[in-house]
Amino acid sequence: MEYSFSAFWSTHLAGVVKRKNKLELPGWYGDLTPMKSFVPANVVPRAEFSDLSQSVWLIAAPGAVGKSTLAKEICALTGAVYLDLAEASTVAGNYLIGGLVYTDLLSAWSEGTTTIVIDALDEARLRVTQSGFEDFLADVAKVAAKGNAPIVLLGRVGIIEEAWLLLNEISGVAAPIFDIEFFDKEQAKKFVMERLAALSQLAQNDVLEYPHLSSSLANHSKVYDEAVTEVILGISKLSQADADRFVGYAPVLDAVAKVIAAEQNPARINEDMRRVLEGEVLTSLASEILIREAGKLTVQLKNAHPDFPEDLYTPEEQLHRLACKMLNLPSPPVPEVVAHKHVAVYEHAVKNLLPQHPFLNGDGKGASSSVFEAAIIAAALKNQLKHVRESAEKYISSSKHTANPFLFDFYLAFDSGQANAPAEHLGFLFDSVVSKATIGDKVRLYISENADDTLLSEIVVERDSGHLNSHILNSPAGGLITLGRKVAGVSIDCEHNNVQLGLGGQLELIAPTIVQCQQLYLACDQVVVKTEPKSTEEVVLLEAQELLAGNSVSAPIVRPTAIFRVSWPGSEAYPWTSFNATDGQGEAAHVSEGLRTLRRLVMAFRSHSKGQLARFRDKIDHFRMLKGRVGEALLQKLIDDGIIWAEGPMYCLDANKLGAKVGISFQGAQAKEYSQETRNYVSSLDI
């Protein structure tokens, strides 16, 4: 389908009339103005979900690709009502029909002269239970059935695919799904040029932010054109090399525009851009802006006071101050190098300059883009002051904030390439990587223990093309492995470490998820277990030596496609009775131990780049895996039977032979489902 933003939406939302009056309900907007610098990305329907006659439409994209901008521009173009669920009150059944009543739009809806574009579905889901979310979608379907134009919902890929399933199961709606594509090189270049034009007119208190830019763009247009072309091409090549897509993200391109806009000498723009491309793109862009802000303040101070020191307002200090601004913390003290007589002058200069920082938005309290938010929060998470770190953790954990796709990149960059992270931050970092996922991507988190109880974590991203990206993280022993409200694709094998799942409220566990630990904390009042759309992986298993959970945890809700198992002392009691699993209960001691070891061995293997299940031999041979004579005998038998074999530094496993000779599948091992054939195999060990 050849896509034209104006033609497509004007045609399909024809008959909608723009509201002239203000809508007196939080999150509802009826009269939006088009953004002059808007550059539309392509919006493409999925081949198998493309029935445009349906009354509800869904639009999906990874984080920070421009869903909110697209939603607002659709409304500005067509007159549709924009509903921002991030601002609106908590959704539930009858929310939409109630909103139409309270905004006096019900008659317009009945007449077919209005429709609603609903943004921030992810943010809404964070604040409600599973049943509340389902009731809301059912209400959307009921209201949409009585309208002339479709209701459009936007969200990240995962929530949109879940919404499709719920709309289909509950209301019989087979909604089309559109995917927002990443900008191509031409669109990216146009975006940066349009942003430069907009920045040339940007003013605060009637003072231009970039007073030189308007004349520079007019007098040196070729220089700017060539510089933007070069940097887009360079970022595109880097993106292709690491299977990432930086060039397609609007916030990244916005950062490019701000770096270019801040350079007052057009002859140096190409040099600036080459410097950016030589480093890590995101951190280089942020660094350029921070260094320039430091230069501004230094020049201002030294003009009035020549004896002011040079190394002031460093990037580290700026990020600390920006974090304090965003997190409502007291400002940090003035650097020690500032003489006592200059303290008041320095504080006054910083107080005036900081609210205008390019990293902050118009009110000077929030970040101006998700790229700069990630830089500020990542630096705060790495801050030496405990109260700053804890405030950043609280900020990320808030139900008001969805995962930031750029947090992971800045976090690693601020660690000087060491890839160290406390156990408490692993969930934040994994969620950041997950938020970049697009259609067909699989993101998995594996956490295991080293011999000294330190943690080794691996985040694996498998693109739809088959390309694998892997990120390794190291964590000290003794921390609390903390994962958020939605846990999907996670495997934790840490019998000497503790794990917390949830951040209060409802906890979603999505297969495949396996947790084995010492103490398990369930920070929730309800557990919902389900599978990923179209996934064949069904098992969610929680296994601990001790469960710590509030008395208010109600009976888990398990969708029919999922298999849920739990195992800990007392797991046979309510509310876990139906899901209790045991290893070889009533078996001979060596059989019971053999079944546990077999399960550990099978679950240790992971998808390898060659398309087979593999694991490093030292991990399999380790005492913690085999735990003595029974384990050693079992491994040797599996090798003798050709189920496991050595290939260089790896052991490989043949899943088909495992099923044929041992009578167990990968998922059967996860769920502790042992056939008589499996028991016979283990009992025949030569010990």
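The C-terminal residue of the sequence shown carries number 687 in full-length UniProt numbering, and the numbering is unbroken.
Glycine included, each C-beta is placed from N, C-alpha and C at the ideal position.
- Here the C-alpha atom of residue 629 lies approximately 55 Å from the C-alpha atom of residue 47.
- Annotated as distal: residue 415 and residue 448, with beta-carbon spacing of 8 Å or more.
- Taking the C-beta atoms as reference points, residue 192 is found nearer than 8 Å to residue 256.
- Judged by DSSP in its simplified three-state form, residue 372 adopts helix.
- Restricted to the stretch 486–564, the beta strand (DSSP E) segments that are unbroken, complete and at least 3 residues in length are 486–494, 498–501, 506–522, 526–531, 539–549, listed in chain order.
- Taking C-beta atoms under 8 Å as the contact rule, residue 419 and residue 412 qualify, at a distance of about 6 Å.
- Ranked by Cα distance from residue 153, the options 172, 391, 122 are led by 122.
- Distance from residue 544 to residue 568 at the Cβ level is roughly 5 Å; contact confirmed, criterion being Cβ atoms closer than 8 Å.
- For residue 352, there is no enclosing beta strand (DSSP E); the enclosing alpha helix (DSSP H) has its first and last residue at 343–353.
- Residue 482 and residue 129 have their C-alpha atoms roughly 21 Å apart.
- Just so you know, the alpha carbons of residue 662 and residue 648 end up roughly 25 Å apart.
- In the three-state reduction of the DSSP assignment, residue 401 falls in the coil class, being assigned neither a helical nor a strand state.
- With fewer than 16 other CB atoms across the displayed protein chains lying within 10 angstroms of its CB, residue 348 is exposed.
- Comparing alpha-carbon positions, the option among 166, 110, 27, 170 lying closest to residue 117 turns out to be 27.
- Inter-residue distance for residue 320 and residue 438 is about 33 Å (C-alpha atoms, whole angstroms).
- Judged by DSSP secondary structure, residue 259 falls within the alpha helix (DSSP H) whose first and last residues are 250–262.
- Looking at 459, 301, 115, the one whose alpha-carbon comes closest to that of residue 352 is 301.
- Within the stretch 72–105, complete alpha helix (DSSP H) segments of at least 4 residues are found at 95–102, given in chain order.
- With a beta-carbon spacing of about 5 Å, residue 562 and residue 529 fall inside the 8 Å limit used to define contacts.
- Between the stretch 146–160 and the stretch 67–81, the count of C-beta pairs closer than 8 Å reaches three or more; the two stretches touch.
- When Cβ pairs closer than 8 Å are counted between the two stretches, the stretch 503–519 is seen not to touch the stretch 453–467, the count staying below three.
- Annotated as proximal: residue 288 and residue 276, with beta-carbon spacing under 8 Å.
- Put simply, the stretch 165–180 touches the stretch 131–144. At least three CB pairs are less than 8 Å apart.
- In this structure, 605 is the residue among 157, 247, 605 with its C-alpha nearest to the C-alpha of residue 658.
- When the beta-carbon positions are compared, residue 515 and residue 445 stay at least 8 Å from each other.
- Annotation for residue 325: the continuous alpha helix (DSSP H) segment containing it runs 315–326.
- Non-local beta-carbon contacts of residue 434 in its own chain, meaning distances under 6 Å to residues more than five positions away in sequence, involve 443 in chain order.
- Our two residues, residue 103 and residue 527, have alpha carbons roughly 36 Å apart in a direct line.
- In the three-state scheme derived from DSSP, where H, G and I count as helix and E and B as strand, residue 52 is classed as coil.
- Residue burial is scored here from C-beta neighbours: residue 58 has at least 16 other C-beta atoms within 10 angstroms and is therefore classed as buried.
- In this structure, the CA atom of residue 622 is about 38 Å from the CA atom of residue 380.
- Contact between the stretch 399–408 and the stretch 59–67 is established, with three or more Cβ pairs separated by less than 8 Å.
- Between residue 453 and residue 496, the C-beta spacing is below 8 Å.
- Counting only the Cα atoms, residue 333 lies some 31 Å from residue 206.
- Spatial neighbours of residue 639 in its own chain (CB-CB distance under 7 Å, excluding positions within 5 residues in sequence) are listed in chain order as 645.
- Restricting attention to 24, 56, 470, the CA atom closest to the CA of residue 13 is found in 56.
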